[in-house]
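First up is the structure itself, then whatever we jot down about it.
Numbering (the working numbering), first residue to last: 2 to 334.
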């Protein structure tokens with residue numbers, strides 16, 4: 002009995018040992034399997050990611066030749082149609098500089114590309130400006146009706162025009178105290194000019210004067226025809242065609258001072274420099290600045306100021322752009 006009991010005990014111990022050994026082996030196998038699985042996943046994830054990445058539009062753009070940064074920028078800015086265009090065509094080094102210009106407009110992408118192709122020496126900044134203001138079309142080669150609902154932000158230039166009956170309903174006669182002849186202008190222009198006039202009088206003891214302001218369609222027609230007697234090119238350079246003159250808006254004024262009446266004397270005076278530095282604070286901008294003829298279509302008119310309101314005038318002043326550029330990017334876009 003004792004022997005039998007010991008034999009049973011030994012059998013139980015062996016069985017228990019075998020169970021423990023089996024469990025240990027199971028744990029070892031599980032641990033090994035887990036380690037192998039983790040390693041496999043670790044190795045497989047990058048491969049999977051790379052596989053998935055190669056299926057992305059970003060990767061396809063890099064295959065065309067664009068950098069990853071360029072591809073990401075394209076995807077952020079361009080629409081599907083333009084992305085498709087990039088993928089279906091060869092690498093072009095002009096695309097990225099074009100879309101990263103500040104005043105880039107998506108709607109003009111193909112126009113920028115075409116213009117740059119034929120004007121390689123033109124800077125990207127100028128390409129954007131020229132196309133945005135329609136100057137790439139050639140002066141007067143396209144015609145659009147000015148939006149009179151834009152009020153004092155109405156655009157009138159060599160593309161945007163007014164009809165022969167347009168006349169603001171808030172035109173007022175300008176006092177002869179600070180204006181020559183029978184000038185009139187929009188009430189908001191007169192009010193803000195007066196504030197500016199008093200400021201310059203107090204600061205410099207200079208009397209600012211308005212030489213010219215509102216001009217009707219008929220008046221502009223007569224002026225243009227006089228210039229045209231010299232030549233059409235001369236007329237288009239120094240005057241506006243009827244309907245295409247800002248003076249018809251009642252928002253433009255040509256300035257001088259009592260102390261410096263001639264254009265030369267006035268534009269070399271301290272009051273003129275004061276206007277260049279401060280007129281925007283009163284809502285006025287120099288409408289046709291020097292070296293911007295390729296954007297405005299006019300030789301510089303150093304005495305021609307336009308009312309656009311204080312907020313807009315500040316943007317134009319701070320960003321050193323013309324009203325044409327402002328309108329194209331901030332309003333018409």
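Virtual Cβ for every residue (Gly too), placed ideally from N, Cα, C.
- Ranked by Cα distance from residue 304, the options 256, 117, 329 and 282 are led by 256.
- Cα atoms of residue 97 and residue 73: separation of roughly 11 Å, rounded to the nearest angstrom.
- Residue burial annotation: residue 120 is exposed, with fewer than 16 other C-beta atoms found within 10 angstroms of its C-beta.
- According to the DSSP secondary-structure assignment, residue 211 is paired through a beta bridge with 180 and 256.
- Runs of the beta strand (DSSP E) lying entirely within the stretch 227-305 and spanning at least 3 residues, in chain order: 253-258 and 285-289.
- Shortest Cα-Cα distance from residue 289 to any of 282, 308, 275 and 283 involves 308.
- The stretch 275-288 makes contact with the stretch 193-204; the number of CB pairs closer than 8 Å reaches 3 or more.
- Using a C-beta cut-off of 8 Å, the stretch 161-180 makes contact with the stretch 237-255, since at least three inter-stretch Cβ pairs fall below that distance.
- Taking 7 Å as the cut-off, the Cβ atoms of residue 132 and residue 105 do not count as close.
- The continuous stretches of alpha helix (DSSP H) do not include residue 174, which lies in the beta strand (DSSP E) extending over residues 172-174.
- Apart from the 5 residues on each side of it in sequence, residue 83 sits with its Cβ closer than 7 Å to the Cβ of 110 in its chain, given in chain order.
- Rounded to the nearest whole angstrom, the CA to CA distance from residue 68 to residue 62 is 8 Å.
- Residue 207 and residue 294 do not touch by the CB rule: their CB atoms are close to 29 Å apart, not below 8 Å.
- Three or more Cβ pairs closer than 8 Å define a contact, and the stretch 187-197 falls short of that threshold against the stretch 140-148.
- Put simply, the backbone Cα of residue 271 is about 26 Å away from that of residue 215.
- For the set 296, 292 and 302, the Cα lying nearest the Cα of residue 268 is the one of 302.
- Counting only runs that start and end inside the stretch 43-122, there is no beta strand (DSSP E) element of at least 3 residues.
- Minimum Cα-Cα distance from residue 77 among the listed residues 101, 258 and 225 corresponds to 101.
- If you look at residue 130, you'll find it isn't in any beta strand (DSSP E); it sits in the alpha helix (DSSP H) that goes 125-133.
- Rounded to the nearest whole angstrom, the C-alpha separation of residue 64 and residue 92 is 9 Å.
- Looking from the CA of residue 71, the closest CA among 95, 326, 317 and 283 belongs to 95.
- Distance from the Cα of residue 315 is smallest, within the candidate group 186, 228 and 285, for 285.
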